[in-house]
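Visitor: One structure, as structure tokens, below. Some questions next.
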Amino acid sequence: MREAALLAVAVLAFVGSAFVPGGAFDAATHSMTPEPSDKTATGNFAREQPKPETLDYASWVAGTTELARAGDGHFYADAMVNNSRIRFLIDTGASVVALTGADARAAGLHWSAADVRPIARGASGPVFGVALTLDHISLNGHEANNVSAIIVPEGLDTSLLGQSYLSTIQPVRIEHDKMVLGE
């Protein structure tokens with residue numbers, strides 16, 4: 011009788027823990043649930059920001075990207091923005107991705123002079139540009155959607171890959187003369 015009571019308690023504990031958020035049942039069904047698609051047959055829907063667990067998985071799938079330090083001491087990479095290849099300076103101190111006017115046009119982005127306004131403050135004063143959200147950035151399999159960015163039509167020589175993209179990759183670190191993205 012005592013063994014039956016202990017077995018009943020164990021079964022109840024297991025069943026109870028299986029249905030709590032993050033429990034066995036939730037984890038099992040979460041891994042089987044397909045991710046929502048960005049488009050349906052009836053139209054387009056806004057893309058959702060990746061969830062932290064998706065970001066970790068995406069970094070794992072993408073693997074490790076190593077960037078060699080250039081002669082000027084910086085790190086550079088070619089990334090795809092809206093299906094256009096753009097050369098970026100990796101700027102861990104930049105809050106957002108910043109595109110030159112030429113790179114923004116190459117990525118199919120358009121703006122008018124009326125859209126340009128002060129959007130940031132740099133070492134030499136106000137930075138004029140256009141704030142926007144990029145649909146997609148990809149660098150060696152490290153994917154990100156809905157990335158905050160700015161277009162700086164004049165005064166920026168090289169596009170900057172800032173934290174609005176870099177924060178989607180875990181980890182980002184510098185080891186000697188290499189920047190390592192992902193694990």
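11 is the number of the first residue of the sequence shown in my numbering; add one for each residue after it. Where is the CB? At the ideal position from N, CA and C, for every residue including glycine. On a predicted model such as this, the values are computed, not experimentally measured, just so you know.
Note down the Cα distance separating A159 from L119, rounded to an integer number of angstroms.
Guide: As a position in the sequence shown, residue 159 is number 149, starting the count at 1. As a position in the sequence shown, residue 119 is number 109, starting the count at 1. About 12 Å.
Visitor: For I100 versus L149, is the C-beta distance shorter than 7 Å?
Guide: Taking the first residue of the sequence shown as 1, we reach residue 100 at position 90. Taking the first residue of the sequence shown as 1, we reach residue 149 at position 139. Not a contact, by the Cβ cut-off of 7 Å.
Visitor: Which same chain residues end up closer than 6 Å to S174 when comparing Cβ atoms and leaving out the 5 residues on each side of it in sequence?
Guide: As a position in the sequence shown, residue 174 is number 164, starting the count at 1. Closer than 6 Å at the Cβ level, and outside the excluded window around S174, lie V106, V107, V157 and S158.
Visitor: Please state whether the Cβ-Cβ distance between A154 and T178 is less than 7 Å.
Guide: By 1-based counting over the sequence shown, the position of residue 154 is 144. By 1-based counting over the sequence shown, the position of residue 178 is 168. Yes.
Visitor: Below 8 Å, how does it come out for the segment 74-90 and the segment 176-193: are there three or more Cβ pairs, yes or no?
Guide: Segments in contact, yes.
Visitor: Between the alpha carbons of V91 and I129, how many angstroms are there, rounded?
Guide: Taking the sequence shown and counting its residues from 1, the one referred to as residue 91 is at position 81. Taking the sequence shown and counting its residues from 1, the one referred to as residue 129 is at position 119. So the alpha carbons of these two residues sit roughly 21 Å apart.
Visitor: Among R131, G111, S169 and E185, which residue has its Cα nearest to the Cα of S122?
Guide: For the purposes of this step, residue 122 is identified with residue 112 of the sequence shown, where counting begins at 1. When only C-alpha atoms are compared, the closest one is G111.
Visitor: Figure out for me which residue from P136, T168 and A114 has the closest Cα to the Cα of R97.
Guide: The residue given as residue 97 occupies position 87 in the sequence shown. Nearest of P136, T168 and A114 to R97, Cα basis: T168.
Visitor: Of the residues A89, A114, Y86 and D187, which one's Cα is nearest the Cα of T143?
Guide: Position 133 of the sequence shown, counting from 1, holds the residue named residue 143. Nearest to T143 by C-alpha distance, out of A89, A114, Y86 and D187, is A114.
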